[in-house]
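Just so you know, the protein sequences line up as chains A and B, in that order.
The first sequence: position 61 = 54 (this note's numbering), numbered continuously.
The second sequence: position 353 = 357 (this note's numbering), numbered continuously.
All C-beta atoms, glycine included, are put in the ideal place defined by N, C-alpha and C.
These numbers were taken from a predicted model, which means no experiment stands behind them.
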Amino acid sequence: MQEDEMNDLTREYMIKFYPERCIQCHGCETACKMWRGLPYGVQYRRVINLWEGSYPGVKSHGLSLSCLHCSDPACAEVCPVEAILKQAEDGRVRVDTTLCIGCRACAEACPFGVPQFGEDQVMQKCDLCVGQALAGTDPPCVATCPGRALVLEEVTLEEKKAYETFVAKALKGNG
Amino acid sequence: YEQAIKVAEVRGEEVVPTVCGMCGPGGPGGGCGIYAFSKNGKFLRVAGMDECPNNRGALCAKAHTAPQWVYSRDRLTHPLRRIGRKGEGKFEKISWDEAIAHIAEVLLGQKREYGPESLAILSPAKRSYSEYLQRFAVVHGTPNYGHSGICVLQRVFAFMYTVADWPLPDTANSDLIIYWGRQPIYSGPVSSAARAFLEATQRGAHIIAIKPSVEPDAGMADTWVPVRPGTDAALALAMLHVVLKEDLIDHDFVARWCYGFESLKAHVRQYSPEWAQIITGVPATQIKGVARAYATCPRAAIDVGNGLEHAPSAGDAVRAIAMLMAVTGHLDRPGTNLLKLPPPKAPGDITLKHRFTRELVDKLVAPEFPKYFQPFLEGPTSAYYRIWESVLTQTPYPVRGIIAPGTQPLASTRGTRNVLAALERLDFFVVLDVARTPEIPWADIVMPVATGYETDHPFQYGPNWLMSTNRVINPLGPYKSMFEFFLDLGKAMDYGDDFWQGDITACMDEQLAPLGVDMAGLRQHPVGLAFSSARHEYEKFDRVFQRPSTRLDKGPFLPQGKVALYNTTFEQAGYPPMPEWREPPEGITATPDLTRTYPLIFSDYHTSKNFSASWQRNVPFLRELEPDPMLHIHPDTAGTRDIKDGDWIKVTSPHGWLRVRAQLYPGIRPDTVMLLHGWWQGCEELKMADYPLTDGGANVNIMYSVDPEKAYDPMVTAMTSQTLVEVEKCRRTK
């Protein structure tokens, strides 16, 4: 891959998460599920409680996690039928549902547990609600957040990479 | 609203602005504005209303799942009359009017034979229809409005009789905030309290959380005080001890506005931090540190939550905290706890307070507060659980008919076995709810009621917002709203003059009249009317401390016009004039002998991130967030018992046992385990079955003592949420 050249062209959008503003109400999770009409058992977004320290010096904070639309997506890398593609114009990682064979290699590869599978066995996940009939309003997970912990933003590649590192570290710390 | 209309347009849907109804069945509770989207008469989804000052466009997890609740397979859609024996669950469908006529006939018959007090109405959590229940009780002539003893009134009672107000924290202006037994997030994640909490953390206010386990709020706090469940009174008394011993008080305020200071000072000498450490499990150094930090910070506030209301010393815990506020000068000053005056305009009260009489109060079957202190704020009240006991003990007389409107006695109150026995024996039992409840098999009549999405009333009034409920979809069956039920029943019982002859619009309009609007006029404001709140006036001690009480004699809450550090009203009524420590029925220091068999403290959580009390476990997207009852257990405590994360475990107390799953939880006292209350309902959509209501299930109510001598606060009948348990791995796994 000619990574450096690609990066110059790529615009990167993401729903960024600000942990200090999250109260772990889980509103984003159910907003997503209702607005996207997701089946039982499938979640594009989940809120995780992360522990720090040990008793009695224990702290915790939330992590609202959905597809990061990674700078260099591991899921796309392993897909045997090239059904997963990172789009240059907005940095979104998209799934071509007509190509996906449901092998779940992406689920194995994704460090963030993002890929989901419904009854049709086709990979599905957050697509930043692009193409949803929202009349220009924010994605439902963003709109519903009481602390504005979720924000749809355009970021630089460096910022996205830093965010990937932050999430990976947070998840690792939680075992 | 315009954006919501656009969204509906592009999707080919309809949008109705209204009030969220997910805080409980039968009527809105939280007061969040929503835009409700529907298509071809089917309710699809919601979004938060930007114009509503309560939630400002945000919504919680529950709010979004409303359509799943409305269309749940557990939904009740037809009025039912029991045809099998009690508990069997055999019913026939009848019409709404037939059901009303039947209930009216039975209740009038019981009234003739046993007197009106033979009827009890169980209180739900405070909901928009609570006043209708009170009104019905008063018109019928019964004082037996059964308050649950689970929430709020313990706090309010203790505060009113100490500082004549429930002084809420001025969180927005505090430099130090103590969240004490309080869950500012789960109690309303999109409400002003949660928002204020978040803002306080971000502006760097010092946050102290006092509770046995780290929930998201305590996780974000600067200091966690891991108190043992049910021992908050000991902690508060020790903090008073420190503040008085070290003279960290506001001398001017104490001299001018406190009564009985020297008595209190002598009284709390016995409650040293070292004494409290043994009881509370909080190190004496931390007790001293928190007391000093609070007393010496000029802008410091305490937010007292429900967590400390479940103990035999619940009232005294709150009194001691109110005294802490007073002696340190943290009352009605910026950033402290504020005294409030009633708003200049409010909807009309419909509870017929002028008809409360001594005769009515004397008939109480189980006074929630001693009779001398009745009626309290909501009117005369009986203790919910002890109403059921009267059916069994026939003392002082048996209640013969019970209406349960949006409340679940088998899941929401203690002593489930006694409630079951009483259900078998009770003459007449009516359940009103949106969805199936656990006691329906014992009901004589089951009345389905509309969710808030299926009615066009009531109005929602928060101090800053007035909004009409607007109908999103038609009811799914031949039923009406909780409000209409009481109007229809009132009319059928010949109480029509007191029930607007069954006219719900007239009823709403009468209540709205003081606000200068009627329902039709209010509906002209699609997103309601927002009011700006008046500027707070500080230091209103002279006015607030003179406030008349709710008692029949209308004597002031504070006879001296000062903070009651020494309470002459309580003393004259035969209760301790100053707060004292009473052990829970079982505990490490209460019953040390028991700890050999039951070494761990057990308690339960009152609020959760995704369920309203014991409701809504049938809602698939909510259930997915928390599929199983999880016992929070410290990893070390689990490790010594060979228990791993997710294991099914048996939790045994001296009173019963539960079968639940273990969640290894670093943020809990290692000597304490805790479980969410309210587990009974399955979720058919996710193929999850109901849990047993007694042994082997997950109903925390069976775990606690119901010994009348030990399990209740003597003044406010608060029920204990503390016992001792042992935990072991289940051999049988699911």
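Where Gly88(B) falls, given that 16 or more other Cβ within 10 Å makes a residue buried = Locating residue 88(B) in the second sequence gives position 84, where the first residue counts as 1. Label assigned to Gly88(B): exposed.
Measure from the alpha carbon of Gly124(A) to the alpha carbon of each residue in Trp28(A), Glu75(A), Glu22(A) and Cys15(A), then state which is nearest.
-> Within the first sequence, the letter at position 131 stands for residue 124(A). When the alpha-carbon of Gly124(A) is set against those of Trp28(A), Glu75(A), Glu22(A) and Cys15(A), the nearest one is in Trp28(A).
Rounded straight-line distance, which links the Cα of Asp226(B) to that of Ala288(B) = Position 284 of the second sequence, counted from the first residue, corresponds to residue 288(B). Position 222 of the second sequence, counted from the first residue, corresponds to residue 226(B). Just so you know, the alpha carbons of Ala288(B) and Asp226(B) end up roughly 18 Å apart.
For Leu697(B) versus Leu414(B), is the C-beta spacing smaller than 7 Å?
-> Your numbering for residue 697(B) matches position 693 in the second sequence. Your numbering for residue 414(B) matches position 410 in the second sequence. Yes, they are a contact pair.
What residues are listed by DSSP as bridge partners for Thr667(B)?
-> Working through the second sequence from its first residue, we reach residue 667(B) at position 663. Residue 667(B) is actually Gln in this sequence, not Thr. DSSP, once it has assigned bridges, lists His636(B) as partnering Gln667(B).
Residues bridged to Thr227(B) by DSSP?
-> Looking up residue 227(B) in the second sequence gives position 223. Answer by DSSP bridge pairing, in chain order: Ile212(B).
is_contact[Leu680(B), chain A] using C-beta, thresh 7 Å | Taking the first residue of the second sequence as 1, we reach residue 680(B) at position 676. For Leu680(B), the closest Cβ of chain A is not nearer than 7 Å.
Thinking C-alpha only, which one of Gly95(A), Ile16(A) and Leu56(A) is nearest Gln114(A)?
-> By 1-based counting over the first sequence, the position of residue 114(A) is 121. The option with the nearest alpha carbon to Gln114(A) is Gly95(A).
Run the CB neighbour count on Thr601(B), radius 10 Å, all protein chains shown included, and call it buried at 16 or more, exposed below.
-> Here residue 601(B) corresponds to residue number 597 of the second sequence, with the count starting at 1. With fewer than 16 other Cβ atoms within 10 Å, it is exposed.
Helix, strand or coil: which one does DSSP assign to Trp170(B)?
-> Within the second sequence, residue 170(B) is the residue found at index 166, counting from 1. Trp170(B): coil per DSSP, three-state reduction.
Hey, Val331(B) and Ile291(B) are a contact pair by Cβ (cut 8 Å); roughly how many whole angstroms apart?
-> Here residue 331(B) is taken as the residue at index 327 of the second sequence, counted from 1. Here residue 291(B) is taken as the residue at index 287 of the second sequence, counted from 1. In this structure Val331(B) does not touch Ile291(B) by the C-beta definition: roughly 16 Å separates them, more than the 8 Å allowed.
Would Ala1(B) pass as a contact of Ala124(B) if the rule is Cβ separation under 7 Å?
-> Because residue 1(B) is not part of the residues shown, which for chain B are 5 to 738, the question remains open.
Beta strand (DSSP E) segment containing Lys654(B), residue limits | Against the second sequence, residue 654(B) aligns to sequence position 650. Here the beta strand (DSSP E) through Lys654(B) covers Trp652 to Ser657.
Can you tell me the Cα-Cα spacing of Glu(-2)(A) and Ala67(A), whole angstroms?
-> Residue numbering aside, residue -2(A) sits at position 5 when the first sequence is read from its first letter. Residue numbering aside, residue 67(A) sits at position 74 when the first sequence is read from its first letter. Since pLDDT at Glu(-2)(A) reaches only 46, below the 50 mark, its modelled position is unreliable, and the value read off the structure follows with that caveat. Glu(-2)(A) and Ala67(A): Cα-Cα distance of roughly 19 Å.
Kindly provide the ranges of any alpha helix (DSSP H) runs that are 4 or more residues long and lie completely inside the stretch 380 to 408 of chain B, ordered along the chain.
-> 388 to 397
Identify each residue in the stretch 99 to 129 of chain A for which the Cβ-Cβ distance to at least one residue of chain B is less than 7 Å, and report them in chain order.
-> Of all residues in the stretch 99 to 129 of chain A, Ala126, Leu127 and Ala128 have a Cβ within less than 7 Å of some Cβ in chain B.
Looking only at C-alpha atoms, which of Gly591(B), Pro348(B) and Pro371(B) sits nearest to Thr727(B)?
-> Mapped onto the second sequence, residue 727(B) falls at position 723. Ranking Gly591(B), Pro348(B) and Pro371(B) by Cα distance to Thr727(B) puts Gly591(B) first.
Which residues of chain B have a Cβ atom closer than 7 Å to the Cβ of Pro139(A), listed in chain order?
-> Here the question's residue 139(A) lines up with position 146 in the first sequence. From the beta-carbon of Pro139(A), the residues of chain B found nearer than 7 Å are Ala62, Pro193, Val194, Ala198 and Arg199.
Where in the stretch 664 to 718 of chain B do unbroken runs of the beta strand (DSSP E), each at least 3 residues long, occur, reported from the N-terminal end onward?
-> 676 to 680
Taking 7 Å as the CB-CB limit, is Phe487(B) close to chain A?
-> As a first step, residue 487(B) must be located in the second sequence, where it is residue number 483. No, its Cβ sits nowhere closer than 7 Å to a Cβ of chain A.
If you measure beta-carbon to beta-carbon, which residues of the stretch 220 to 231 of chain B are closer than 7 Å to chain E?
-> Looking at the structure shown, chain E is missing, and the protein chains on hand are A and B.
Chain A beta carbons: is any one of them nearer than 7 Å to that of Arg49(B)?
-> The residue you call residue 49(B) lines up with position 45 of the second sequence. Judged by the 7 Å Cβ criterion, Arg49(B) is in contact with chain A.
Can the beta-carbon of Arg362(B) be found closer than 7 Å to that of Val142(B)?
-> As a working mapping, residue 362(B) is identified with position 358 in the second sequence. As a working mapping, residue 142(B) is identified with position 138 in the second sequence. Not a contact, by the Cβ cut-off of 7 Å.
Under the three-state DSSP convention, the category Tyr602(B) falls into | To locate residue 602(B), count along the second sequence from 1; it is residue 598. Coil, per DSSP.
So, Arg141(A) versus Asp83(A), is the Cβ gap smaller than 7 Å?
-> Counting from one through the first sequence, the residue named residue 141(A) turns up at place 148. Counting from one through the first sequence, the residue named residue 83(A) turns up at place 90. It is not a contact, given that the beta carbons lie outside the stated cut-off.
From the beta carbon of Phe41(B), is the nearest beta carbon of chain A less than 7 Å away?
-> In the second sequence, residue 41(B) corresponds to position 37, counting from 1. No, because no Cβ of chain A sits closer than 7 Å to the Cβ of Phe41(B).
Hey, quick one: how far does the alpha helix (DSSP H) through Leu328(B) stretch, first residue to last?
-> Counted from its first residue, the second sequence places residue 328(B) at position 324. Per DSSP, Leu328(B) belongs to the alpha helix (DSSP H) from Ala318 to Val331.
Residues near Phe561(B) by beta carbon distance below 7 Å, same chain, minus five either side | Start at 1 with the first residue of the second sequence, and residue 561(B) comes out as number 557. Closer than 7 Å at Cβ, skipping near neighbours: Met164, Tyr165, Ala168, Arg551 and Ser553.
Measure the Cβ-Cβ separation of Ala65(B) and Ile16(A) and say whether it is below 7 Å.
-> In the second sequence, counting from the first residue as 1, residue 65(B) sits at position 61. In the first sequence, counting from the first residue as 1, residue 16(A) sits at position 23. It is not a contact, given that the beta carbons lie outside the stated cut-off.
When Cβ atoms are compared, which residues of the stretch 597 to 616 of chain B fall closer than 8 Å to chain A?
-> For the stretch 597 to 616 of chain B, the residues whose beta carbon sits under 8 Å from a beta carbon of chain A are, in order, Lys613 and Asn614.
Within 7 Å, strictly: CB atoms of Val71(A) and Ala100(A) | Taking the first residue of the first sequence as 1, we reach residue 71(A) at position 78. Taking the first residue of the first sequence as 1, we reach residue 100(A) at position 107. In this structure, Ala100(A) does not lie closer than 7 Å to Val71(A) by Cβ.
Please list the partners that Arg14(A) has in chain B, where partner means a Cβ-to-Cβ separation under 8 Å.
-> As a first step, residue 14(A) must be located in the first sequence, where it is residue number 21. Under the 8 Å cutoff, chain B gives Leu202 and Gln206.
Run through DSSP, which three-state label would Gly84(A) get?
-> For this step, residue 84(A) is matched to residue 91 along the first sequence. DSSP places Gly84(A) in coil when its eight states are reduced to three.
Would you mind stating whether Asp597(B) and Pro316(B) have Cβ atoms separated by less than 7 Å?
-> Within the second sequence, numbered from 1, the residue matching residue 597(B) stands at position 593. Within the second sequence, numbered from 1, the residue matching residue 316(B) stands at position 312. Against a cut-off of 7 Å, the Cβ pair of Pro316(B) and Asp597(B) comes out as no contact.
Excluding the 5 residues preceding and the 5 following Phe545(B) in the sequence, name in chain order all residues of the same chain whose CB lies nearer than 6 Å to its CB.
-> The residue given as residue 545(B) occupies position 541 in the second sequence. Within the same chain, Phe545(B) has close Cβ partners Trp261.
At a Cβ cut of 8 Å, what residues of the stretch 371 to 403 of chain B count as close to chain A, listed as they run along the chain?
-> none
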